[in-house]
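One structure is given here, and the rest of the page talks about it.
Numbering (our numbering), first residue to last: -5 to 192.
Here's what the structure looks like:
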């Protein structure tokens, strides 16, 4: 993956928002939350303003207008620069076309799973399976409601992706729990622990 001047995914969302026209950070944050982008992009008000500063420093956005209103603090809107437009499209093309090595916390847990006794691991995986089932039901309900409201499918592709990932993980978790419940795994785990215990 290419090293970027500003690599925070929130920066990409800001660039994409400004593609529609100049805007100020407060409004960008409101739109991200309203559109449900906060499920995929972690941010708060402070991080949003910090990213805006980084993008401006990198030359990807520039101040467009500052509005002074006695009722509210002054607000500066920003516009996308030509360099920002180029960065947006280059970054998007890379993300869509090239799989990246990600480091999900569940992957870390799986790599160290042997430290937890098998019976407890099976119980914990059962809890995870139940949580995943609840998430799958919630996503399906969200998508159903959106479809009933006439929302076009391309506005729901991130929800389809979330659904596919959680369904795949749920299937994996159920199969793993079944394998770990096998008495043969318990025997191998006992031998491993005895071999490691002084």
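C-beta: ideal position from N, C-alpha, C; glycine also.
Helix, strand or coil, according to DSSP, for residue i in the structure here?
i: residue 41; result: helix
i: residue 73; result: strand
i: residue 11; result: helix
i: residue 123; result: helix
i: residue -3; result: coil
i: residue 130; result: helix
i: residue 145; result: coil
i: residue 136; result: helix
i: residue 194; result: Residue 194 is absent from the model: the chain starts at -5 and stops at 192.
i: residue 92; result: coil
Check whether the Cβ atoms of residue i and residue j lie closer than 8 Å to each other.
i: residue 2; j: residue 72; result: no
i: residue 9; j: residue 89; result: no
i: residue 164; j: residue 123; result: yes
i: residue 93; j: residue 180; result: no
i: residue 49; j: residue 78; result: yes
i: residue 174; j: residue 115; result: yes
i: residue 161; j: residue 34; result: no
i: residue 22; j: residue 42; result: yes
i: residue 186; j: residue 108; result: yes
i: residue 4; j: residue 61; result: no
Kindly indicate the opening and closing residues of the alpha helix (DSSP H) around residue i.
i: residue 99; result: 99 to 105
i: residue 96; result: Where residue 96 is concerned, there is no enclosing alpha helix (DSSP H), given that its DSSP letter is neither H nor E.
i: residue 35; result: Here residue 35 belongs to no alpha helix (DSSP H), and DSSP marks it neither H nor E.
i: residue 173; result: 151 to 174
i: residue 27; result: 19 to 28
Would you say residue i faces chain D, with C-beta separation under 8 Å as the test?
i: residue 77; result: Protein chain content of the structure displayed is limited to a single chain, and chain D is not contained in it.
On a Cα-Cα basis, can you pick out the residue from the options that is closest to residue i?
i: residue 106; options: 48, 34, 183; result: 183
i: residue 56; options: 32, 24, 13, 29; result: 13
i: residue 58; options: 5, 87, 19; result: 19
i: residue 29; options: 148, 188, 189; result: 148
i: residue 169; options: 130, 119, 129; result: 119
i: residue 171; options: 46, -1, 110; result: 110
i: residue 0; options: 87, 53, 176; result: 53
ask   = Below 8 Å, can you find three or more Cβ-Cβ pairs linking the stretch 124 to 138 to the stretch 70 to 90?
value = By the Cβ criterion, the stretch 124 to 138 is not in contact with the stretch 70 to 90, since fewer than three pairs of Cβ atoms, one from each stretch, lie closer than 8 Å.
ask   = Does the stretch 119 to 135 come within contact of the stretch 147 to 167, defined as at least 3 CB pairs closer than 8 Å?
value = Judged by pairs of C-beta atoms under 8 Å, the stretch 119 to 135 touches the stretch 147 to 167, as three or more such pairs exist.
Given 8 Å, three or more beta-carbon pairs between the stretch 94 to 108 and the stretch 34 to 45 = Segments in contact, no.
request  = Would you check if there are 3 or more beta carbon pairs closer than 8 Å linking the stretch 101 to 121 to the stretch 138 to 147?
outcome  = Segment contact: the stretch 101 to 121 against the stretch 138 to 147, fewer than three CB-CB distances shorter than 8 Å; contact not assigned.
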